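Report on the following structure.
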Amino acid sequence: MSALISIRVMRLEDYNAVEAFLAQHFFKEEPLMLTPQEDQDAAAVIPSESELHLSLIPQGLSLVAIDEAHGNRIVGVILAGAQKPADVEQHFAEAQQLEPTCLLHHIHKFLSGIEKSANYFEHYGVDTALYLYILGVDSSVRRQGLGSRLVSALIDLGRQQGFPAMVSTCTNQNSTRLMSALQMECIHSQIYADYKDDHGRVVLRPPAPHTTGSVMGIRL
């Protein structure tokens, strides 16, 4: 498998293929996105999400895995970018002001809270970090180590670019285990059931065993 799948930096011309890949192999399969919804439209990917993806590509820190044996199709994606403490504060402030109207709004609100609580810039004593936003692997090539290869490649790229630390918020048990196996530490975690809406109802209900969100990090 590894000899036929190469990893390279994502390019702007990859954007449409990357979005199609994420729609099929990330947003439809990410446990948090499988939270039951009365209105299925509430689980749709909102435009601001795609705008974020597009804004990250020019930084040259996102990666794609290419299956050279099958038409050079994308079989793995990492979206990543540089992050400063002010970015975390801004994300948190915007999320708190948000009146959630869809599942992704709630997810962003939850994630912004645990990222702020993790305080990873102070934890590592740094003022910038490489942040891994999304890791996705084609369902047809999972359990073959491609996810680990992608994250390892990002760690190497982060070191080459002079980042002092890399951080990611893992939203399911599989990604948490993957990051742990690569010597990333859990800086902060929170149970999804602790996040409730204004009526006191639990909002994020991914299938077991994906019950916790965890901020993982590594000093580079």
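Numbering (the numbering used here), first residue to last: 178 to 397.
Beta carbons: idealized from backbone N, C-alpha and C, even for Gly.
These numbers were taken from a predicted model, which means no experiment stands behind them.
According to the Cβ coordinates, are residue 352 and residue 389 closer than 8 Å? no
Where do the N-terminal and C-terminal ends of the beta strand (DSSP E) with residue 244 fall, by residue? 240 to 244
Which residues mark the beginning and the end of the alpha helix (DSSP H) in which residue 266 is found? 262 to 274
Straight-line CA distance for residue 194 to residue 235? 16 Å
In the DSSP output, which residue or residues are listed as bridge partners for residue 368? 389
For residue 342, which beta-bridge partners are listed by DSSP? 396
For the alpha helix (DSSP H) holding residue 357, just list the boundary residues, first then last. 350 to 358
Just the C-alpha distance for residue 344 and residue 378, rounded to the nearest angstrom, thanks. 30 Å
Which of the three DSSP states, helix, strand or coil, is assigned to residue 205? coil
Taking just the CA atoms, how far does residue 241 sit from residue 218? For residue 218, the pLDDT reaches just 49, beneath the cut-off of 50, and the residue's location in the model is therefore unreliable, although a value from the coordinates is still provided. Residue 218 and residue 241: Cα-Cα distance of roughly 29 Å.
Distance between residue 395 and residue 333 (C-alpha atoms, nearest Å): 12 Å
From residue 341 to residue 303, what does the alpha carbon distance come to, in whole angstroms? 7 Å
Alpha carbon to alpha carbon, how far is residue 249 from residue 192? 15 Å
Just to confirm, is the Cβ distance from residue 239 to residue 233 under 8 Å? yes
Just the C-alpha distance for residue 279 and residue 372, rounded to the nearest angstrom, thanks. 15 Å
Which value, in whole angstroms, describes the spacing of the CA atoms of residue 289 and residue 268? 6 Å
Between 257, 265, 326, which has its C-alpha nearest residue 298's C-alpha? 265
Per DSSP, cross-strand counterpart(s) of residue 373: 379
CB-CB length for residue 196 against residue 316, believed under 8 Å: Wrong, their Cβ atoms sit about 17 Å apart, outside the cutoff.
Helix or strand or just coil, what does DSSP make of residue 250? strand
Mind checking residue 260: buried by the 16 CB within 10 Å criterion, or exposed? buried
When you compare each of 320, 335, 369, 294 to residue 305 by their alpha carbons, which one comes out closest? 335
Spatial neighbours of residue 391 within its chain, please: C-beta separation below 6 Å, excluding the five flanking residues on both sides. 347, 353, 363, 366
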